[in-house]
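Chains as they are written, first to last, in our numbering: chain C, 1050 to 1367; chain U, 1050 to 1367. Glycine included, every Cβ here is placed at the ideal spot set by N, Cα and C. As the structure is a prediction and not an experimental result, all values here were calculated from the model. Reading through the structure tokens given below for one structure.
There are 2 protein chains.
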Amino acid sequence: MASDLPGEFALIARHFRPLAGPGALDLQDDAAVLAPPAGRELVLTADAMVAGVHFLPDDPPDLVGRKLLRVNLSDLAAKGATPLGYLMTVSTPRDTPEGWFVGFAAGLADDQRAYGISLLGGDTTSTPGPITLSLTAIGHVARGQAVHRAGASAGDGIWVTGTIGDGALGLAVRRGRLADASGHLLSRYRLPQPRVGLPIAGVASAGMDVSDGLVQDLGHICRAGNVGAEIEAGLVPLSEQARAAGPEWLATCLTGGDDYELLLAVPPAREAALQGQAKIADIAVTRIGQFVAGTPRVIVHGADGSPMTLAAGGWSHF
Amino acid sequence: MASDLPGEFALIARHFRPLAGPGALDLQDDAAVLAPPAGRELVLTADAMVAGVHFLPDDPPDLVGRKLLRVNLSDLAAKGATPLGYLMTVSTPRDTPEGWFVGFAAGLADDQRAYGISLLGGDTTSTPGPITLSLTAIGHVARGQAVHRAGASAGDGIWVTGTIGDGALGLAVRRGRLADASGHLLSRYRLPQPRVGLPIAGVASAGMDVSDGLVQDLGHICRAGNVGAEIEAGLVPLSEQARAAGPEWLATCLTGGDDYELLLAVPPAREAALQGQAKIADIAVTRIGQFVAGTPRVIVHGADGSPMTLAAGGWSHF
């Protein structure tokens, strides 16, 4: 792991070196060495987070570290991959207090233990701008078994994990537009729960994690597989707190994003297997509709059975 | 590859998707799938570059892209690894002109062809700060054969590739402190030449790339291997342009950094093999001293044989 911050050598070594795992060469080399377990191949994903864009400068740094790791672990989960480790680059203003690094590293350490992974390498630099973080997460999956966005067929069930919309409502809470007496919604926004415990390889025909809004992301699976999708708004699993927000927030739940739940296409013959795996993993799964032949588009049926019209479709992906 | 830049979807897809290679799933998935070739293991390294710190905002964007890639390829070369591909996160201000992306992607495309690698995935985000780039490079090496910083023994020769100091002098040129009629020094600063063509696995007992200054980086190898090092300043290979700068620039050459040459420990029995490999690869290699038993420290012998005193020792690494 390299650094261009002379004098901060000791500070950074103190906070990041304890996060290093096998293959990281104690962060004293400029590169890590890694082999996937026998019969497995690697899955790699990278995401960046910028203060003022993806988190606020005064957000608790332990939560920033954990969110950075978890958004990437969520991408691994969506491929059916088991997390292995990560590389990270950290660009911080020169006046970043040591306490920020302490908290950031503590959050990473907690989640490393929770997910059984470690830091493999990276870089620290200064920046005249906001704190900017980039993380490359590495996992492994049985050879040829990674789940892709493409692969859904007409007739496959559409399944989601957990509850949908809490993250988007949490953002509304943070913006002062919604009450959140229990703190559940804000907590879901701040700290995703990547579904890495659910082994979807060999079960789902296609999948991704919901980060840009359920409807938008379902559209991605439709376009990748050249199929349509029909879902029932009334079947989409909402938390007790999301239901309490009232029906005027339903569209936000369906399009808002920041869910980090899995959205899966599952052939009918494997839906029981999914439910069995979910029970073992203690992760809720819900069937919300099915893929249909025809134009790649998403139809959302409302309570009266007629299609709902939804405005904003989330963020762009490529 | 994900993006939080709605509306810029088409722009970014146009520039980055053509860079995608096998395993990248056309950047339409959130993760790449990769297996090392049979008998090989993976080598991973990550570096960040920030406008105003590692490059200037008005630097030609193609050179920025190529430098970002090459500093990472240099780390792979120092492990004896063959480059395979890379993931990249790109955080840009909203007013970044399309021309910047065009140039940046063109530079990456050129070097992808030159080094036989491709883009595997990543993320684009906006930032209220300077352009911030992070790249994770992935290579492969014969299992157990990666070269590490640790491993040098007393008696091993100290070898470097190419010429030392051009990068540091190029920075002085850029700052207006030195003339550079041919443009050679500035070009060496702007565009590193990673020595990926030199197969050092199985030849070098230890090594790293010189990015923080020859003396500083040699000190890292000494501490990692618990050996001393003695080099002759007069043996350190300098370019014609560096020699022309005059002896008052010698200390800058030895401590300045940004060389991206390989610094290697080579047991006497394998020095002929190194020279043979270097001849095949058409990369100059020069023996500048040897490792010695004792305290991990670097002694630089000047022209008169007495140790030189060098001020600043480069940047901190951890």
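Between N1275 of chain C and the set C:R1226, C:P1345, C:A1255, the nearest pair of CA atoms involves C:P1345. Note that the C-beta distance between A1327 of chain C and V1334 of chain C is below 8 Å. Per DSSP, D1079 of chain C is not a residue of any alpha helix (DSSP H), being assigned neither H nor E. For the alpha helix (DSSP H) assignment, the uninterrupted runs of no fewer than 4 residues enclosed by the region 1251-1324 of chain U are, from N- to C-terminal side, 1263-1274, 1289-1294, 1299-1304. R1223 of chain U: member of the alpha helix (DSSP H) spanning 1215-1223, first to last residue.
Beta-carbon to beta-carbon, G1156 of chain C and L1125 of chain C are separated by about 18 Å, too far to satisfy the 8 Å threshold. In the three-state reduction of the DSSP assignment, L1240 of chain U falls in the coil class, being assigned neither a helical nor a strand state. With the criterion set as a beta carbon lying under 8 Å from some beta carbon of chain U, the members of the region 1144-1171 of chain C are L1169, G1170, G1171, in sequence order. Under the Cβ distance rule, R1198 of chain U counts among the residues neighbouring chain C, one pair being separated by less than 8 Å. With contacts defined as CB atoms closer than 8 Å, F1153 of chain C and P1110 of chain C qualify as a contacting pair.
Sequence-distant Cβ neighbours of R1089 of chain C in its own chain, meaning closer than 7 Å and more than five residues away, are H1189, V1190, A1191, R1192.
When C:D1266, C:S1140, C:L1093, C:Y1309 are compared, the shortest CA-CA separation from G1178 of chain U is found for C:S1140. Under the three-state reduction of DSSP, R1346 of chain C is assigned to coil, being neither helix nor strand. Look at E1090 of chain C: its C-beta is under 8 Å from a C-beta on chain U. In the DSSP assignment, R1119 of chain C falls within the alpha helix (DSSP H) that extends over 1110-1127. Taking a Cβ-Cβ threshold of 7 Å, the residues of chain C close to K1128 of chain U are A1080, in chain order.
Distance between L1313 of chain C and D1144 of chain U, taken at the CA atoms: about 37 Å.
In terms of Cα proximity to A1127 of chain U, the closest of C:E1310, C:T1181, C:P1317, C:D1078 is C:D1078. At a cut-off of 8 Å between beta-carbon atoms, A1095 of chain C makes contact with chain U. Residue nearest to Q1194 of chain U within the set U:D1108, U:G1148, U:G1251 is U:G1251 (criterion: CA-CA distance). Separation of L1287 of chain C and G1114 of chain C (C-alpha to C-alpha, rounded to the nearest whole angstrom) is 27 Å. At a C-beta separation below 9 Å, S1175 of chain C has these neighbours in chain U: V1099, V1102. Between A1294 of chain U and the set U:P1132, U:L1234, U:G1204, the nearest pair of CA atoms involves U:L1234. When the beta-carbon positions are compared, T1176 of chain U and T1138 of chain C stay at least 8 Å from each other.
In the assembly as shown, S1260 of chain C is a buried residue. Its beta-carbon has 16 or more other beta-carbons within 10 Å. It is roughly 16 Å from the alpha-carbon of F1104 of chain C to the alpha-carbon of G1305 of chain C. In summary, the residues of the region 1234-1262 of chain C whose CB is separated from some CB of chain U by less than 9 Å are M1257, D1258, S1260, D1261, in the order they occur in the chain.
In the DSSP secondary-structure assignment, P1177 of chain C is not bridged to any residue.
Of the candidates U:I1166, U:A1081, U:G1325, U:D1308, the residue whose Cα lies closest to the Cα of G1262 of chain U is U:D1308.
If you look at R1162 of chain C, you'll find it in the alpha helix (DSSP H) that goes 1147-1164. The beta carbon of L1284 of chain C lies closer than 6 Å to those of I1337 in the same chain, with the five residues before and after it left out. Taking a beta-carbon distance threshold of 8 Å, R1223 of chain U does not count as an interface residue toward chain C.
Less than 8 Å separates the beta-carbon of G1170 of chain U from that of A1095 of chain C. Only those residues of the region 1176-1187 of chain C whose C-beta falls short of 7 Å from the nearest C-beta of chain U are listed: T1176, P1177, G1178, P1179, T1181, S1183, T1185. For Q1339 of chain C, the enclosing beta strand (DSSP E) begins and ends at 1334-1341. Nearest CB-CB separation between R1192 of chain U and chain C: below the 8 Å threshold.
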